[in-house]
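Beneath this line is the structure, given in structure tokens, with notes to follow.
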Amino acid sequence: MAMWQIKGIAKNITNPIIASYSHKSNILNWIKPKYIKETKKINEVYRFASISMLEHVNTPYPIIYNLPEEGMLDINDGDILKLCPDGTVKRVFNASSTQNVLFVTEACNSQCIMCPQPQTPLDYSDEVLEILSCIPKKSLREICISGGEPTVGIKIFEIMETLKRYTYVEPIILTNGRKFNNKSFTQSFIDRAPFNTVYAIPLYSSIPEVHDRIVGVSGAFRETINGIYNLSAFRVPIEIRIVLTSKNVFNLTELANFIGWNLPMAVHVALMGMEVCGRAYDNIEDVWIEPKSYMQELIEATKILDYRDIPVSIYNLPLCLLPYEIRKYSTFSISQWKQGFIPECQSCTMRDECNGIFTSSKKIPDGIHAI
């Protein structure tokens, strides 16, 4: 769950503390003190918890001090912070962003060969519920539910029921769709989730054996397609996501046609460049292909989907690598906390409209240049 974080020295913190940050001084800090403040004076005391740039502090309450000034300036009023016993301050919810992600678990029931996430049995359901408890009911809008595979999260039903209480929430859940193969599970999930939840489901090939090899599970294609159909019976919005690898790019037009004929209910299709870290980096020789090598396939697949009146976007690829005719399909998709640019981008006239690259990626595509 590593996102934006800074490091200082922890005092009086034995277990992680999650709470909303407030710049404001208020008498409520003493009456109902469930938020984090900044300590600016050595003997200044806040009853709940605080953070500070000071090199020395004198307080019996939880605090992380000796934090870097440049990091402190990045914290917004209303951000939700996690104060850790090792002195790390993690921002688990950015109040000024529309790209917040709630990581339910690192566990997954697939083994995708290009997955950028660690796959461990760690479950963050309780932490997610604690984060949600800090967000005012009318202020939460766009939110992404992710993992691992979130549907295997221990408390995923409780999380979705909690989201349902937020008046203006617009959730998207990143799921492999396989558990929705079970009609009873699908019914239970739909009953608990906000009605406008978008289900973003990957489909990597129209050939079952190819999809199964990519996700590392025999029968996964059948389960995913059944899951999509089960969800569509409830008329919920379904997005199809296609990560572009050496295993599937040269059958991309066939997949686009398959979606057009068999999954016309899709509200959106995302054609996605690869984030090369985690298992993707471990398998780089098997999965990596230079984006410039598959541009013709990308053009044709995009046009097929557009012709079918299925909204289509291109994610995670710099504009300079895309032929002019499909640049209009490029959409901001890399989370702000892991978006970056290389020196070649400094003089680019399109930088403000470009995704850039993943700072987390251990492979930078060839051919990046200023436009």
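For the sequence shown, the working numbering assigns the number -18 to the initial residue and increments by one for each residue that follows.
By construction, the Cβ of each residue, glycine as well, lies at the ideal position given by its N, Cα and C atoms.
How many whole angstroms separate the CB atoms of residue i and residue j, which I take to be in contact at a CB cut-off of 8 Å?
i: Leu212; j: Tyr180; result: 6 Å
i: Lys71; j: Leu110; result: Actually they are not in contact, since the Cβ atoms of Lys71 and Leu110 sit about 17 Å apart, beyond 8 Å.
i: Asn(-4); j: Pro66; result: 7 Å
i: Val198; j: Asn229; result: At roughly 16 Å, the Cβ-Cβ gap does not stay under 8 Å, so Val198 and Asn229 are not in contact.
i: Ile17; j: Ser31; result: 6 Å
i: Phe239; j: Ser314; result: Incorrect: roughly 23 Å between the Cβ atoms, too far for contact.
Over the uninterrupted beta strand (DSSP E) stretch that includes residue i, give me the two end residues.
i: Thr340; result: Where Thr340 is concerned, there is no enclosing beta strand (DSSP E), given that its DSSP letter is neither H nor E.
i: Ala63; result: A small correction: the amino acid at residue 63 is Lys; Ala does not occupy that position in the sequence shown. Ile61 to Leu64 is the extent of the beta strand (DSSP E) around Lys63.
i: Leu252; result: His249 to Met253
i: Ile32; result: Ala30 to Ile32
i: Thr226; result: That residue, Thr226, is in no beta strand (DSSP E); it is neither H nor E in DSSP.
i: Leu155; result: Glu151 to Leu155
i: Pro183; result: Val179 to Pro183
i: Ile45; result: Ile44 to Tyr46
Which same chain residues end up closer than 8 Å to residue i when comparing Cβ atoms and leaving out the 5 residues on each side of it in sequence?
i: Glu256; result: Pro97, Asn297, Phe339, Ser341 and Ser342
i: Ile349; result: Pro299, Cys301, Leu302, Ile323, Glu325, Cys326 and Ile338
i: Ile(-10); result: Ile45, Tyr46, Asn47 and Gly68
i: Asn39; result: Ile23 and Asn24
i: Ala351; result: Cys301, Glu325, Cys326, Gln327, Ser328, Cys329 and Thr330
i: Gly52; result: Ile(-13) and Val70
Could you give the residue range of the alpha helix (DSSP H) that holds residue i?
i: Met95; result: Run containing Met95: none; DSSP gives neither H nor E here.
i: Ala261; result: Arg260 to Asp263
i: Ser213; result: Ala201 to Ser213
i: Gln168; result: Lys164 to Arg173
i: Lys284; result: Met276 to Tyr288
Hey, residue i and residue j: beta-carbon distance below 8 Å or not?
i: Thr156; j: Thr132; result: yes
i: Ala261; j: Val250; result: no
i: Ile112; j: Ile(-1); result: yes
i: Cys125; j: Asn81; result: yes
i: Gln134; j: Thr86; result: The sequence given here has Gly at residue 134, not Gln. Result yes, Cβ atoms of Gly134 and Thr86 sit closer than 8 Å.
i: Ile209; j: Leu244; result: yes
i: Glu142; j: Arg173; result: yes
Between the options, which has its C-alpha nearest residue i's C-alpha?
i: Asp55; options: Leu113, Ile(-13) and Leu64; result: Ile(-13)
i: Cys385; options: Glu87, Leu302 and Leu64; result: Summary: the structure shown does not reach residue 385, with the chain confined to residues -18 through 352, and so no result is reported for it.
i: Tyr27; options: His37, Ile44, Lys284 and Pro304; result: Ile44
i: Asn358; options: Tyr2, Asn207, Pro189 and Pro(-3); result: What is shown of the chain runs -18 to 352, which leaves residue 358 out entirely.
i: Lys5; options: Val248, Met246, Asn57 and Ile315; result: Asn57
i: Ala214; options: Thr148, Met246 and Glu235; result: Met246
i: Asp347; options: Arg289, Lys319 and Tyr275; result: Tyr275
i: Phe231; options: Lys273, Glu204 and Glu220; result: Lys273
i: Thr312; options: Val293, Tyr305 and Pro304; result: Val293
i: Glu220; options: Gly241, Ser227 and Ile315; result: Gly241
i: Lys118; options: Ser314, Tyr147, Gln100 and Glu130; result: Tyr147
i: Asn163; options: Lys344, Ile206, Ser328 and Ile154; result: Ile206
i: Arg216; options: Asp107, Val248, Ile270 and Asp287; result: Val248
Leaving out five residues on either side along the sequence, give the residues of the same chain with a beta carbon under 7 Å from the beta carbon of residue i.
i: Met(-18); result: Because the pLDDT at Met(-18) is just 44, under 50, the model does not fix this residue reliably, and the value given afterwards should be weighed accordingly. Closer than 7 Å at Cβ, skipping near neighbours: Phe84 and Tyr105.
i: Ser78; result: Gln317
i: Asn264; result: Ile94 and Met95
i: Met253; result: Arg222, Ile223, Val224, Leu225, Tyr296 and Asn297
i: Ile307; result: Leu279, Ile280, Thr283 and Ile295
i: Ala201; result: Ser91, Arg159, His192 and Asp193
i: Arg332; result: Phe322 and Cys326
i: Pro49; result: Ile(-13)
i: Gly358; result: In the structure as shown, the chain begins at -18 and stops at 352. Residue 358 is therefore absent and cannot be evaluated.
Which same chain residues, not among the five before or five after residue i, have their C-beta less than 6 Å away from its C-beta?
i: Lys160; result: Thr132 and Phe166
i: Leu144; result: Val150, Pro152 and Pro175
i: Phe138; result: Arg173
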